[in-house]
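Numbering (this note's numbering), first residue to last: 77 to 334. Beta carbons: idealized from backbone N, C-alpha and C, even for Gly. The structure displayed is predicted, hence computed values, not measured ones. Here is the structure we will look at, set down as C-alpha cells.
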Amino acid sequence: MRRGTRSTVVVAVVTTAVLLVLLLWSAGNGTPLVSAPEGSFGDPRAETPTASVTLEPQDEPPPQEEGGDERVTQWSFNLALVLWLMALVATLLMVLRWLSRQRLESQERREVAEEEELVALLEATSDEVRYQALSEGDPRNAVVACWVALEEAVRRSGLPPERSETAVELTSRVLGRWQVDEDAIRTLCDAYREARFSRHPVTEEQRTLAVDALERIHLDLRRRAREQEEAGAGGAQTGEAHGIPGTSAEDPSRTERR
C-alpha cells in the first residue's frame with residue numbers, strides 16, 4: 077500500500093472514532109450535538125391578535141415531563157448515527173485489510189518472478205552452454221548463441237519490454253538490474269552484433285572473448301543467487317530446493333580450460 081493511501085485511511089478511522097466518542101458523550105449527558113432550530117422566523121408585525129375565549133374548566137390531563145418526546149427523538153437520532161459511524165469504521169477497516177493483503181500478494185508475486193528470472197539467466201550462462209559455445213560449431217554461430225541464450229532467458233521470464241526497447245536493450249537492462257559487470261555485458265553484446273551483422277570472418281579469439289564474457293556474467297549472477305539465499309536464511313539448501321544451478325564452489329568449465 078502506498079504511504080499516502082495508508083495515511084488517508086488512518087486519518088479517516090481516527091476522525092470517525094472521535095465523532096463516535098462525542099456522540100456517546102452527548103447521548104450520556106442528554107445534550108444533543110444536533111438539534112432543531114428554535115424561535116420564529118416570521119414577521120412579528122404580521123401576527124393578528126385573536127380574541128380571547130374563555131373555556132369552561134375541565135379535567136386536565138396528568139402533567140407530563142417536559143422535553144420527554146424531544147429526548148426520545150434525540151436518542152433515536154444519536155443511536156442511528158452511532159450505528160452508521162460504526163458501519164463506516166468497519167468498512168474502512170475492511171478496506172485497509174484488503175489493501176494490505178493486496179500489497180503482500182503483489183510483493184510475493186514479484187519475488188517469485190524475480191527468482192524465476194534469476195534461475196533462467198543462470199541456466200542460460202551455465203557450464204554446459206559455455207562448453208558448447210566454446211567447442212561446437214563455427215565461431216560466428218557460437219558468439220551469436222551466447223547472447224541469444226540470454227535473450228531467450230529474459231523472454232521466458234515474462235518481463236515486458238519498455239516502449240521502443242529492443243531485445244538487446246531489454247536483455248542488457250535485466251542483466252544490469254542483477255548488478256552484472258557492465259563491461260562483460262558490453263563485451264558480449266558488441267561481439268554478438270559484430271558476429272551477426274558483419275561479413276568478415278569471426279575468429280576463434282572472438283569466440284573465446286565472448287565465452288569469457290558469458291562466464292563473468294554467470295559468476296555475477298551466481299553471486300547474486302548466494303546473496304538471496306543468505307538473505308532468506310536458507311543457505312545452500314534454498315538454492316537446491318529452487319533448482320538454482322551453478323552454485324558449486326568450483327566451476328568445472330573453468331577448471332577444464334585451465
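Practice problem: Pull up the distance between the alpha-carbon of residue 197 and that of residue 297, whole angstroms please. | Solution: Locating residue 197 in the sequence shown gives position 121, where the first residue counts as 1. Locating residue 297 in the sequence shown gives position 221, where the first residue counts as 1. Straight-line Cα distance between these residues: approximately 8 Å.
Quiz item: Of the choices 147, 291, 281, whose alpha-carbon is the least far from that of residue 222?
Solution: Position 146 of the sequence shown, counted from the first residue, corresponds to residue 222. Considering only alpha carbons, the answer is 291.
Practice problem: In the DSSP assignment, find the unbroken alpha helix (DSSP H) run with residue 236 in it and report its ends. | Solution: Locating residue 236 in the sequence shown gives position 160, counting from the first residue. Unbroken run through residue 236: none, as it is neither H nor E.
Quiz item: Distance, Cα to Cα, residue 258 vs residue 286?
Solution: Taking the sequence shown and counting its residues from 1, one reaches residue 258 at position 182. Taking the sequence shown and counting its residues from 1, one reaches residue 286 at position 210. Distance between the alpha carbons of residue 258 and residue 286 is about 14 Å.
Quiz item: With burial defined as no fewer than 16 other Cβ atoms inside 10 Å of the residue's Cβ, what is the status of residue 273: buried or exposed?
Solution: Looking up residue 273 in the sequence shown gives position 197. The residue is exposed, with fewer than 16 neighbouring Cβ atoms inside 10 Å.
Quiz item: Hey, quick one: how far does the alpha helix (DSSP H) through residue 250 stretch, first residue to last?
Solution: Counting from 1 along the sequence shown, the entry for residue 250 is found at position 174. For residue 250, the enclosing alpha helix (DSSP H) has its first and last residue at 243-253.
Self-check item: Local conformation of residue 257 per DSSP, three classes
Solution: Residue numbering aside, residue 257 sits at position 181 when the sequence shown is read from its first letter. Under the three-state reduction of DSSP output, residue 257 falls in the coil class, being neither helix nor strand.
Quiz item: Is it the case that the Cβ atoms of residue 267 and residue 255 are separated by a distance below 8 Å?
Solution: For the purposes of this step, residue 267 is taken as residue 191 along the sequence shown, with counting starting at 1. For the purposes of this step, residue 255 is taken as residue 179 along the sequence shown, with counting starting at 1. For residue 267 and residue 255, no; Cβs fall outside 8 Å.
Quiz item: Does DSSP put residue 129 in a helix, in a strand, or in coil?
Solution: Here residue 129 is taken as the residue at index 53 of the sequence shown, counted from 1. With a pLDDT of 49 at residue 129, under the threshold of 50, the modelled position of this residue cannot be trusted, and the question is left open.
Quiz item: So is residue 337 buried or exposed if we call it buried at 16+ other beta carbons inside 10 Å?
Solution: Not covered by the structure: residue 337. The range shown for the chain is 77 to 334.
Quiz item: When the Cα of residue 279 is compared with those of 227, 200, 213, 174, which residue comes out closest?
Solution: Working through the sequence shown from its first residue, we reach residue 279 at position 203. Checked all of 227, 200, 213, 174; the closest Cα to residue 279 is 213.
Exercise. Output yes if chain D places a C-beta closer than 8 Å to the C-beta of residue 290; else output no.
Key: Here there is only one protein chain, and chain D is not present.
Quiz item: For residue 200 versus residue 218, is the C-beta distance shorter than 8 Å?
Solution: Within the sequence shown, numbered from 1, the residue matching residue 200 stands at position 124. Within the sequence shown, numbered from 1, the residue matching residue 218 stands at position 142. 8 Å or more divides the Cβ of residue 200 from the Cβ of residue 218.
Practice problem: Can you give me the Cβ contacts of residue 193 inside the same chain, cut-off strictly under 6 Å, excluding the 5 residues immediately before and after it? | Solution: As a working note, residue 193 is residue 117 in the sequence shown. Sequence-distant Cβ neighbours of residue 193 in its own chain, meaning closer than 6 Å and more than five residues away, are 233.
Practice problem: Below 8 Å on the Cβ atoms is my guess for residue 246 versus residue 230; work out the distance and round it to an integer in Å. | Solution: Position 170 of the sequence shown, counting from 1, holds the residue named residue 246. Position 154 of the sequence shown, counting from 1, holds the residue named residue 230. The beta carbons of residue 246 and residue 230 sit about 6 Å from each other, so the pair counts as a contact at 8 Å.
Practice problem: Tell whether a beta-carbon distance below 8 Å holds between residue 264 and residue 243. | Solution: To locate residue 264, count along the sequence shown from 1; it is residue 188. To locate residue 243, count along the sequence shown from 1; it is residue 167. It is not a contact, given that the beta carbons lie outside the stated cut-off.
Quiz item: Roughly how many angstroms separate the alpha carbons of residue 306 and residue 295, rounded to a whole number?
Solution: Working through the sequence shown from its first residue, we reach residue 306 at position 230. Working through the sequence shown from its first residue, we reach residue 295 at position 219. Cα to Cα, residue 306 sits roughly 17 Å from residue 295.
Quiz prompt | Sequence ranges, beta strand (DSSP E) only - wholly within the stretch 148-193, length at least 3 | solution = Qualifying beta strand (DSSP E) stretches: none in this window.
Exercise. For the alpha helix (DSSP H) containing residue 281, list its first residue and its last residue.
Key: As a working note, residue 281 is residue 205 in the sequence shown. Counted as a single uninterrupted DSSP element, the alpha helix (DSSP H) harbouring residue 281 occupies residues 280-307.
Self-check item: Check whether residue 293 and residue 251 have beta carbons under 8 Å apart
Solution: Here residue 293 is taken as the residue at index 217 of the sequence shown, counted from 1. Here residue 251 is taken as the residue at index 175 of the sequence shown, counted from 1. Closer than 8 Å, so yes.
Quiz item: Quick one, are the C-beta atoms of residue 261 and residue 240 less than 8 Å apart?
Solution: Numbered from 1 along the sequence shown, position 185 holds the residue referred to as residue 261. Numbered from 1 along the sequence shown, position 164 holds the residue referred to as residue 240. Not a contact, by the Cβ cut-off of 8 Å.
Quiz prompt | Three-state class that DSSP yields for residue 275 in the structure shown | solution = What you label residue 275 is simply residue 199 of the sequence shown in a count that begins at 1. Coil at residue 275, not helix or strand.
Self-check item: Under the three-state DSSP convention, the category residue 214 falls into
Solution: Residue numbering aside, residue 214 sits at position 138 when the sequence shown is read from its first letter. Residue 214 falls in the coil class under three-state DSSP.
Quiz item: Would you call residue 163 buried or exposed, if buried means 16 or more other Cβ atoms sit within 10 Å of its Cβ?
Solution: Translated into the one-based positions of the sequence shown, residue 163 becomes position 87. Residue 163 should be labelled exposed.
Quiz item: DSSP on residue 263, reduced to helix/strand/coil?
Solution: Counted from its first residue, the sequence shown places residue 263 at position 187. The answer is helix: DSSP assigns residue 263 an H, G or I state.
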